[in-house]
Amino acid sequence: MSATTITPAAERRLSNHVSLSQTLANTFTMAHRGLIKIKRTPEQLVDVTVQPILFTVMFTYIFGGAIAGDPLDYLPFFLPGILVQTVLTTSIVTGTQLREDMDKGVFDRFKSMPIARIAPLSGALVADTIRYGIATVLTFVMGYLMGYRPEGGFGSVVVAGLFVIVVSWALSWVFAFFGVIARSASSVQGISMIILFPLTFLSNAYVPAETLPGWLQAFVGINPISHLVTAARDLTTHGTVGADFWVALLGAAVVVAIFAPLTVRTYMRRA
Amino acid sequence: MSHNNEGNTMNTSSDWAVEAHGLVKVFGDNRAVDGVDLSVRAGSIYGVLGPNGAGKTTTISMLATLLKPDAGEARIFGHDTQREAQIVRQLIGVTAQFASVDEGMTARENLMLFCRLLGLSSAESKSKTAQLLEQFSLTDAANRTLRKFSGGMRRRLDLAASLIAQPPLIFLDEPTTGLDPRTRAQMWDTIRGLVHTGSTVLLTTQYLDEADQLADRIAVIDRGRVVAEGTADELKASVGSSSLQLRLENTGDVDDARRVIQAVLGVQAAVSPEATRLTAPMADVDRVTELLVTLRDAGIRLTEMSVQKPTLDEVFLTITGHGVEDEQSAEQSPEAERVSA
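Note that the protein sequences, when read in sequence, are chains A and B. Counting in the working numbering, the first sequence runs from 4 upward without gaps. Counting in the working numbering, the second sequence runs from 2 upward without gaps.
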């Protein structure tokens with residue numbers, strides 16, 4: 004043993020509160036933990052690497068001829084759609100991984116340490132933006148390899164990518180909430196897919212809304228995913244920011260405003 | 002439970018590391034902890050002894066702010082575990098029964114993570130990590146992920162992580178369960194070393210000789226309640242100076258034999274879990290001859306007779322009236338493990 008002596012409890016400076024700066028510092032340390040884990044187990048990136056490649060190629064050649072007459076002509080329409088679909092699906096993993104993580108022994112240590120209670124949660128959300136980034140870049144790269152040349156230019160593509168990442172991050176709070184309340188990781192996956200699957204398919208991501216029956220068009224019109232897709236499409240094809248952009252951002256803000264406090268409160272109670 | 006210093010609650014923060022009163026935790030209809038009182042003097046090693054499922058881990062979890070008690074209250078160095086949870090967390094280190102370290106990272110990454118979370122700078126974290134790895138003989142394995150760690154290494158890393166902030170109170174939940182005898186002895190040395198540096202240690206164990214070896218005071222806990230408390234010697238004295246052990250040839254004679262012992266020695270004999278061995282406190286050695294004669298006259302045949310100095314095993318048996326119920330833990334006595342090691 005080293006000869007250092009322990010400072011007695013009575014002589015320590017103690018505070019029962021966690022400052023905002025400590026919360027931020029703890030969050031980034033936890034995010035760093037997330038990155039280390041990605042580095043240690045790169046196989047957990049399978050979904051954000053294989054899915055963009057597979058889905059982009061697959062759907063372009065399946066639907067391209069039928070919908071646009073030619074896969075190449077379909078790309079400008081379809082790529083923003085599949086981008087949104089891919090990145091949103093990726094954000095489900097935030098919930099499942101959080102659930103798995105919370106069941107691990109190391110969470111007991113986190114809970115017994117004088118750190119911000121929220122840090123393991125907020126850190127995970129921050130680290131996951133890396134995953135969305137990878138999915139976004141790969142989707143655009145696949146498109147480019149297949150001949151996709153967005154008319155909006157490179158700058159608009161970057162903005163569109165960041166825009167989709169921000170909105171997905173907002174939505175990941177919903178899945179984080181499921182992660183906190185669910186009993187198992189697979190149930191998080193299940194609930195999340197049931198919600199996300201119809202939402203992404205019943206939107207204008209794959210086909211123009213005009214081809215759909217009237218009642219479905221009505222739904223597609225109010226589906227927030229449609230606004231997200233339209234906004235991304237405006238950016239990549241025209242380099243313009245329209246009303247849909249702001250509607251989608253507003254929707255994202257509302258989701259965060261509702262689910263962030265809800266998730267945090269539930270998490271604090273359970274953690 | 003009686004304490005010589007009960008009621009002396011004013012003088013809290015310096016004297017008592019832990020004061021718990023009437024802690025209760027209920028899971029469904031299982032009263033896992035059913036009114037536990039504990040007082041641990043600062044600078045001592047305190048052992049909480051009991052079989053699996055007695056409520057040891059639940060008690061520690063409540064003291065360490067991991068679980069909210071359903072009733073009762075606890076103070077750590079005078080700070081309430083619920084109202085001042087964040088302060089309490091600055092004063093404790095917890096080494097849980099199931100290693101609370103991150104499986105997916107290396108030993109070094111784990112310690113770095115905990116250092117950083119505790120607010121150490123990057124450089125401080127590096128030197129602290131290096132120092133702890135060295136101290137716990139983990140330097141060679143520092144860059145391996147924990148999946149490849151043995152149970153003993155994992156436990157050492159877990160303990161190292163609990164010591165980063167040099168907390169004045171350390172909880173060790175079954176620190177040596179599942180360790181081989183050599184590693185166990187090392188862990189004991191480490192625990193003794195901690196107290197030399199001024200820490201208080203509260204450890205749980207199901208090994209009776211571990212509590213005997215390490216702890217200044219022991220609380221025996223059974224079915225969520227403290228059934229005895231005192232120094233190891235006090236507990237042993239409570240069951241008499243030595244005990245007489247009789248092994249019967251015929252287990253059907255157990256009840257008769259107990260009656261004879263009651264009549265001749267005037268004491269209750271405890272029956273071992275396998276019901277072949279009787280243990281009776283032996284206050285008056287002279288009367289043993291009489292007992293043996295009476296047993297022979299009654300036709301109760303013995304296969305073995307021995308006199309034993311009291312062990313905490315008997316203490317447990319005598320206090321609770323039943324053996325260490327979990328057969329696993331009864332079998333896992335150090336002797337049994339030594340054979341397999």
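The beta-carbon is built from N, C-alpha and C at its ideal position, and this holds for glycine as well. Because the structure is a prediction, the values reported are computed rather than measured.
Residue i at chain B interface by Cβ criterion, 8 Å
{"i": "A/Gly37", "result": "no"}
{"i": "A/Arg268", "result": "no"}
{"i": "A/Gly108", "result": "yes"}
{"i": "A/Val210", "result": "no"}
{"i": "A/Asn207", "result": "no"}
{"i": "A/His20", "result": "yes"}
{"i": "A/Ser5", "result": "Only weak support exists for where A/Ser5 lies, its pLDDT of 45 falling under 50; the value from the coordinates is given anyway. With 8 Å as the cut-off, A/Ser5 counts as an interface residue toward chain B."}
{"i": "A/Ile2", "result": "Chain A is shown from 4 up to 274; residue 2 of chain A falls before or after that span and cannot be answered."}
{"i": "A/Ser24", "result": "no"}
{"i": "A/Ser115", "result": "yes"}
{"i": "A/Thr30", "result": "no"}
{"i": "A/Val118", "result": "The residue asked about is misnamed: residue 118 of chain A is Ile in this sequence, not Val. Judged by the 8 Å Cβ criterion, A/Ile118 is in contact with chain B."}
{"i": "A/Ala260", "result": "no"}
Within-8 Å CB hit, residue i to chain A
{"i": "B/Ser45", "result": "no"}
{"i": "B/Asn12", "result": "Unreliable positioning characterises B/Asn12 in this predicted model, as indicated by a pLDDT of 44, which lies under 50. A coordinate reading is not provided."}
{"i": "B/Ser200", "result": "yes"}
{"i": "B/Thr146", "result": "yes"}
{"i": "B/Ser138", "result": "no"}
{"i": "B/Phe99", "result": "yes"}
{"i": "B/Ala162", "result": "yes"}
{"i": "B/Glu235", "result": "no"}
{"i": "B/Glu20", "result": "no"}
{"i": "B/Glu110", "result": "yes"}
Nearest to residue i (by Cα), restricted to the options the options
{"i": "B/Leu296", "options": "B/Val265, B/Glu135, B/His22 and B/Gln98", "result": "B/Val265"}
{"i": "B/Ser151", "options": "B/Ile165, B/Gly179 and B/Glu125", "result": "B/Gly179"}
{"i": "A/Ala69", "options": "A/Ile9, A/Arg186, A/Val210 and A/Leu148", "result": "A/Val210"}
{"i": "A/Thr142", "options": "A/Met196, A/Val53 and A/Val267", "result": "A/Val53"}
{"i": "B/Pro168", "options": "B/Phe78, B/Ser123, B/Ala238 and B/Arg117", "result": "B/Phe78"}
{"i": "B/Gln187", "options": "B/Gln136, B/Leu318 and B/Asp141", "result": "B/Gln136"}
{"i": "B/Leu119", "options": "A/Gly72, A/Val191, A/Ala28 and A/Ala234", "result": "A/Ala28"}
{"i": "A/Leu86", "options": "A/Ser190, A/Leu205 and A/Ser171", "result": "A/Ser171"}
{"i": "A/Leu265", "options": "A/Ala179, A/Ile65 and A/Thr214", "result": "A/Ala179"}
{"i": "A/Val109", "options": "B/Lys129, B/Val102 and B/Thr319", "result": "B/Val102"}
{"i": "B/Ala143", "options": "B/Glu110, B/Ala162 and B/Val286", "result": "B/Glu110"}
{"i": "A/Ser175", "options": "A/Ile261, A/Thr8, A/Glu14 and A/Val60", "result": "A/Ile261"}
{"i": "B/Lys129", "options": "B/Gln263, B/Ser163 and B/Leu24", "result": "B/Ser163"}
{"i": "B/Leu67", "options": "B/Gly94, B/Ile320, B/Pro176 and B/Pro52", "result": "B/Gly94"}
{"i": "B/Asp234", "options": "B/Thr252, B/Ala212, B/Ala284 and B/Val19", "result": "B/Ala212"}
{"i": "A/Pro83", "options": "A/Thr44, A/Val177, A/Asp73 and A/Thr203", "result": "A/Thr203"}
{"i": "A/Phe248", "options": "A/Asn226, A/Phe166, A/Thr269 and A/Thr214", "result": "A/Phe166"}
{"i": "B/Arg42", "options": "B/Val25, B/Met63 and B/Asp16", "result": "B/Asp16"}
{"i": "B/Ser62", "options": "B/Val227, B/Ser244 and B/Ala97", "result": "B/Ala97"}
Under 7 Å from the C-beta of residue i: neighbouring residues of chain B
{"i": "A/Thr44", "result": "Gly105"}
{"i": "A/Ala12", "result": "Ser14, Phe78, Leu92 and Pro169"}
{"i": "A/Leu17", "result": "Ile88 and Gln91"}
Chain B contact residues for residue i, given Cβ-Cβ distances below 8 Å
{"i": "A/Arg102", "result": "Result: empty, since nearest Cβ-Cβ is about 15 Å, beyond 8 Å."}
Contact set between residue i and chain A, taken where Cβ atoms lie within less than 9 Å
{"i": "B/Ser40", "result": "Neighbours of B/Ser40 on chain A: none; closest Cβ ~15 Å, over 9 Å."}
Contact list for residue i against chain A, beta-carbon separation under 8 Å
{"i": "B/Val102", "result": "Gly108, Val109 and Arg112"}
Within chain A, partners of residue i - CB distance below 7 Å
{"i": "B/Glu175", "result": "Chain A residues near B/Glu175: none, gap ~13 Å exceeds 7 Å."}
Legend entry - Near-chain A residues of the stretch 114 to 132 of chain B - C-beta to any C-beta below 9 Å: If you check each beta-carbon in the stretch 114 to 132 of chain B against every beta-carbon of chain A, the ones closer than 9 Å belong to Leu114, Phe115, Arg117, Leu118, Leu119, Gly120 and Gln132.
Legend entry - beta strand (DSSP E) runs contained entirely in the stretch 86 to 120 of chain B, provided each spans 3 or more residues: 93 to 96
Legend entry - Residues, ordered as in the chain, of the stretch 66 to 97 of chain B that lie near chain A by beta-carbon distance below 7 Å: Along the stretch 66 to 97 of chain B, going in chain order, the ones with a CB nearer than 7 Å to a CB of chain A are Thr66, Leu67, Phe78, Glu85, Gln87, Ile88, Arg90, Gln91, Leu92, Ile93, Val95 and Ala97.
Inset, instruction - May I ask you to list, following chain order, the residues of the stretch 211 to 228 of chain A that have a beta carbon less than 9 Å from some beta carbon of chain B? - result: Closer than 9 Å at the C-beta level to chain B, one finds no residue of the stretch 211 to 228 of chain A.
Inset, instruction - Run through the stretch 190 to 269 of chain B for me and flag every whole alpha helix (DSSP H) of 4 or more residues, listed as ranges in chain order. - result: 209 to 215, 233 to 238 and 255 to 266
Inset, instruction - Report the residues of the stretch 128 to 142 of chain A with a CB closer than 9 Å to any CB of chain B, ordered along the chain. - result: none
Inset, instruction - Could I get the ranges of all uninterrupted alpha helix (DSSP H) runs contained in the stretch 119 to 179 of chain B, with 4 residues as the minimum, in chain order? - result: Uninterrupted alpha helix (DSSP H) stretches at least 4 residues long and entirely within the stretch 119 to 179 of chain B occur at 123 to 136 and 152 to 163, given in chain order.
Inset, instruction - Ignoring anything shorter than 3 residues or poking outside the stretch 12 to 77 of chain B, list the beta strand (DSSP E) runs there in chain order. - result: 17 to 28, 31 to 42, 46 to 50 and 72 to 77
Legend entry - alpha helix (DSSP H) runs wholly inside the stretch 86 to 127 of chain A, at least 4 long, in chain order: 109 to 115
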